[in-house]
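Sequential numbering from 176 applies to the sequence shown in this note's numbering.
All C-beta atoms, glycine included, are put in the ideal place defined by N, C-alpha and C.
The model shown is predicted, which means the values in this text are computed figures rather than measured ones.
Input: a single structure, listed below in structure tokens.
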Amino acid sequence: MAIRTPARCAGIAALISSVASMASAAAPAPLPAGCELAARGVAAQPGGDALKPVFPPIQLQVRTPVEPIPFPSGGREYLVYELHLQNFSSDALDIRGIDVFDAGKAGLAPVARFEGAQLAAALNAPGVDGGDDAQRNRLEARQGVVAFLCLAFDDKAAVPGKLRHRVRLGEASAEGPVIGVRRTALPVLGRPVAGKDWSPRNGPHIGSHHRMGLWVSEGHASISRRFAIDWRIVKNGELFSGDARDPKSYYAYGQDVLAVANGTVVRARDGSPDNVPRTAAGFSPALPVTMDTIDGNAVVLRLGNGQYAYYAHLQPGSVRVREGDRVRRGQRLGRIGNSGDSRWPHLHFQLTTTPSLMGSEGMPFVLDRYRMMGADGNWQARSREFPWGDDVAIDFGD
Numbered sequence: 176m177a178i179r180t181p182a183r184c185a186g187i188a189a190l191i192s193s194v195a196s197m198a199s200a201a202a203p204a205p206l207p208a209g210c211e212l213a214a215r216g217v218a219a220q221p222g223g224d225a226l227k228p229v230f231p232p233i234q235l236q237v238r239t240p241v242e243p244i245p246f247p248s249g250g251r252e253y254l255v256y257e258l259h260l261q262n263f264s265s266d267a268l269d270i271r272g273i274d275v276f277d278a279g280k281a282g283l284a285p286v287a288r289f290e291g292a293q294l295a296a297a298l299n300a301p302g303v304d305g306g307d308d309a310q311r312n313r314l315e316a317r318q319g320v321v322a323f324l325c326l327a328f329d330d331k332a333a334v335p336g337k338l339r340h341r342v343r344l345g346e347a348s349a350e351g352p353v354i355g356v357r358r359t360a361l362p363v364l365g366r367p368v369a370g371k372d373w374s375p376r377n378g379p380h381i382g383s384h385h386r387m388g389l390w391v392s393e394g395h396a397s398i399s400r401r402f403a404i405d406w407r408i409v410k411n412g413e414l415f416s417g418d419a420r421d422p423k424s425y426y427a428y429g430q431d432v433l434a435v436a437n438g439t440v441v442r443a444r445d446g447s448p449d450n451v452p453r454t455a456a457g458f459s460p461a462l463p464v465t466m467d468t469i470d471g472n473a474v475v476l477r478l479g480n481g482q483y484a485y486y487a488h489l490q491p492g493s494v495r496v497r498e499g500d501r502v503r504r505g506q507r508l509g510r511i512g513n514s515g516d517s518r519w520p521h522l523h524f525q526l527t528t529t530p531s532l533m534g535s536e537g538m539p540f541v542l543d544r545y546r547m548m549g550a551d552g553n554w555q556a557r558s559r560e561f562p563w564g565d566d567v568a569i570d571f572g573d
């Protein structure tokens, strides 16, 4: 083991401090799709936010199955969570808006309102696709819908400790129970890949199949991919150079996959073939997609504290660990491939509450440090933030 001199330690500490300072001084990144910038608390207009009493009460259940956890990204704090709305009446309900209140401060106006196109985009009835805004906002008798909410705060201190929600239904409203905001220490992870030109695709924004991928497994509905990222390399706006049907033509293919923390391997799968990437000619996986093959070649690490790091779609023959192995942060686990339910070579990475790819709850995390280039072309040093944005580039260094 190398022994660092005090001077070298001081230099490293100064560098880390400098990176954190640069991150905090950088301008906030643009809001991801579907995120509402929360307002600071101001006094409500007299009677403006009062519920209109009706009898019998509106038979709308408002439920939050997973309490939100604040996480930093791009210079802001975010809450990403869902409201499950269930119409228990025999009549259809037209959802006109969803108001979010700081439940710890009475008499204040909503910190955020979802209405119009923003509301329609946030609502998703399982099993129902398409439709205009009016159709998406209409909750038929005995039907359920999920509202996918994202709140952004410019000030960490402004994140409420408790929330309540009011669903506006024309002349009346329904109010849900107060929910807590879990202020828990986020896991600080190392880089899952190395190098530059990485794009953190399909993060927890509206429209992402990860974010809105509610999945029923063993009788329980969950969103294991809530904070999943598809790591791809993009150069000059392209994912590959050469033959689009050859996985080896893709810049991400064969890149090393690294352990983000010390942990124990609880799943290590190899032997699934690569798929021919998707093109205009279509896509057919090399193996039928089942619950056993959906992740392809994969590694799952138990990190402790009920947290599991999941790596999917690895290159056949590249997995270097076995179940029961102890791994160290930064250790190579395998290489990026195109196995399982994967259209193009990429690393699917997520942090979850169980080692199940689909039957768990996705949890937020932060990466210790990286550089990010936004749509404006400027590089920013980031420290202990969640990497977010389909249109940004991430540099992890060598």
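Exposed unless 16 or more other CB atoms sit within 10 angstroms - verdict on T359: Exposed.
Three-way DSSP call (helix, strand, coil) for A550 in this model: Reduced to three states, the DSSP call for A550 is coil.
Residue span of the beta strand (DSSP E) that contains A473, given as start and end: For A473, the enclosing beta strand (DSSP E) begins and ends at 472-479.
T180 to A322 span [Cα, whole Å]: Low local confidence applies: a pLDDT of 32 at T180 is under 50, so the model's placement there is unreliable, and no value is given.
Buried or exposed (CB count within 10 angstroms, at least 16 for buried), K402: As written in the sequence, residue 402 is Phe, which differs from the Lys given in the question. Here F402 is buried. Its C-beta has 16 or more other C-beta atoms within 10 Å.
A349 and L235 closer than 8 Å at C-beta: Going by C-beta atoms, A349 is nearer than 8 Å to L235.
Best match in R477, R251, L462, P243 for proximity to E560 [C-alpha to C-alpha]: Checking every option, the nearest Cα to that of E560 belongs to R251.
Rounded C-alpha distance that separates K337 from E242: Each residue's Cα considered, the two are about 10 Å apart.
Alpha-carbon to alpha-carbon, A296 and V502: Whole-angstrom Cα-Cα distance: 41 Å.
Coarse secondary structure for Q490, derived from DSSP in three states: Looking at Q490 - three-state DSSP - the assignment turns out to be coil, as it is neither helix nor strand.
Chain-order list of residues whose beta-carbon lies under 7 Å from that of L314 (same chain, five-residue window excluded): If you ignore the 5 residues before and after L314, its C-beta comes within less than 7 Å of the C-beta of L260, N262, A267, L268, I270, V320, all in its own chain and listed in chain order.
CA-to-CA distance, R311 to V441, given in whole angstroms: The alpha-carbon of V441 is positioned some 41 Å away from that of R311.
Residues that DSSP places opposite Q236 in a beta bridge: When DSSP reads this structure, Q236 sits in a beta bridge with Q261.
Neighbourhood of A300 by C-beta, 6 Å cutoff - its chain only, sequence neighbours within 5 removed: Around A300: V320.
Alpha carbon of H384 to alpha carbon of I398, nearest angstrom: If you draw a straight line from the Cα of H384 to the Cα of I398, it comes to about 10 Å.
For L294, the three-state DSSP class (helix, strand or coil): Three-state DSSP puts L294 in a helix.
Cβ-Cβ distance between A443 and V474 below 8 Å: Taking 8 Å as the Cβ cut-off, A443 and V474 qualify as a contacting pair.
Exposure label - N480; buried when at least 16 CB within 10 Å: With fewer than 16 Cβ atoms within 10 Å of its Cβ, N480 is classed as exposed.
K410 (DSSP reduced to helix, strand or coil): K410 falls in the strand class under three-state DSSP.
Straight-line Cα distance separating R507 from D573: In this model, D573 and R507 are separated by some 14 Å (Cα to Cα).
Reduced DSSP secondary structure (H/G/I, E/B, other) of K331: If DSSP states are grouped into helix, strand and coil, K331 belongs with the helices.
Inter-stretch contact at 8 Å, needing at least 3 Cβ pairs: the region 510-524 / the region 447-457: These segments touch.
Under 8 Å between C-beta atoms of Y581 and F524: Past the edges of the chain, shown from 176 to 573, lies residue 581, and the structure says nothing about it.
Cβ separation of R518 and R453, assumed to be a contact under 8 Å, to the nearest whole Å: About 4 Å separates the two Cβ atoms, so the contact holds.
Inter-stretch contact (C-beta, 8 Å, three-pair minimum) for the region 408-428 and the region 529-545: Output reads no: the region 529-545 does not touch the region 408-428.
DSSP beta-bridge partners of H395: Answer is S392, bridged to H395.
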